[in-house]
Amino acid sequence: MEAPKLQLKLFIDTKANKLILAEAGKDFVDFLFYFISLPISTVVRLLNKKSEVGCLDDLYAAIENLDNVYIQTDMQYLLDPRGAVPCTKVPLLLSDLKAPKVYTCSYIHTQNNYVSYVYGSYCPDCRGSCNSEVTDVVSHVAKCKNKIDTVGFVKRAATFMVMDNLDVKPILSNTSFFTLLKKFGVKDLGEVEERDVEFGPNEVLKLVKASLEGKTVLTNVFLRNKGPEILKEKDEDRT
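Using full-length UniProt numbering, you'd call the opening residue of the sequence shown number 1 and step up by one each time.
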């Protein structure tokens, strides 16, 4: 099954070959917000231990290579931690990331309106413990009386502009893109190209690496094709 891809609309300064801004919907912004919550060790691992960020690769390798005789805990919690932020159905979650477990009360008479990410947490319904793992979080939350929208982080009705440095701002309904472009110093609209692009798993890895290297992230991902060596190694690992 082919991995899903998100849609973005880029506004490009063709003279400078640089992104001015991107128009994005809820799905892409949800992904960006989830990305900032990733543990450092997860980022290093996703980049094949070639993040090139200071000494993080060396520290990761040191933990990975430490002999078990010196270890008193499971090092997988360090090298392959679960996602830091509990949120269901974030698009393009990297396939090897583990979602955190969710627990509810198993008492037969409770309405199961409460869930917890900590095993054994206090249940306000029956004053017992949340010790029953929820296997289908989305369906369970939908049944709860105290419902909240746990699908992603931002509201679906909103549209956002994403800057080259991943700054995210909502686009007001009464604001035209021509007005926005002028705010960014664009004087000649003839030099602006509007381009629809797809954002999939390959672009995810490029974005992770580019965001660690500088502030022209989307330009590097879509216009300058940064990070091919990382993607090549990832593809070789899958074969």
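The beta carbon of each residue, even a glycine, is placed where N, CA and C say it ideally should be.
Three-way DSSP call (helix, strand, coil) for residue 283 in this model: Any question about residue 283 goes unanswered here, given that the chain covers just 1 to 239.
Within its chain, find whatever has a CB closer than 8 Å to the CB of M75; leave out the 5 residues flanking it on each side and keep chain order. Residue mapping note: residue 75 aligns to position 75 of the sequence shown, counting from 1. The answer, listed in chain order, is I63, E64, L66.
Would you verify that the beta carbon of P39 is, or is not, closer than 8 Å to some beta carbon of chain C? As a matter of chain content, chain C is missing from the structure shown, which is built from one protein chain.
Terminal residues of the continuous alpha helix (DSSP H) containing E203? As a position in the sequence shown, residue 203 is number 203, starting the count at 1. Annotation: the continuous alpha helix (DSSP H) that includes E203 extends over 201-213.
What residue does the alpha helix (DSSP H) around Y77 start on, and which one ends it? The sequence position of residue 77 within the sequence shown is 77, counting from 1. 76-79 is the span of the alpha helix (DSSP H), which, as asked, contains Y77.
Give me the Cα-Cα distance between D13 and D80, rounded to the nearest whole angstrom. As a first step, residue 13 must be located in the sequence shown, where it is residue number 13. As a first step, residue 80 must be located in the sequence shown, where it is residue number 80. In a straight line, the C-alpha of D13 is about 40 Å away from that of D80.
The beta strand (DSSP E) spanning T104 covers which residue range? Along the sequence shown, one-based indexing puts residue 104 at 104. T104 -> beta strand (DSSP E) spans 103-105.
Could you tell me if S95 is buried or exposed, where buried requires 16 or more neighbouring beta carbons within 10 angstroms of its beta carbon? Locating residue 95 in the sequence shown gives position 95, counting from the first residue. Note that S95 has pLDDT 47, beneath the 50 cutoff, so the model's placement of it is unreliable and no number is given.
Keeping to the same chain, check which residues put their C-beta closer than 7 Å to that of V168; ignore five residues upstream and five downstream. Reading the sequence shown from its first residue, position 168 is the one you call residue 168. The residues V29, L32, F160, V162, in chain order, have a CB closer than 7 Å to that of V168 in the same chain once the five nearest residues on each side in sequence are set aside.
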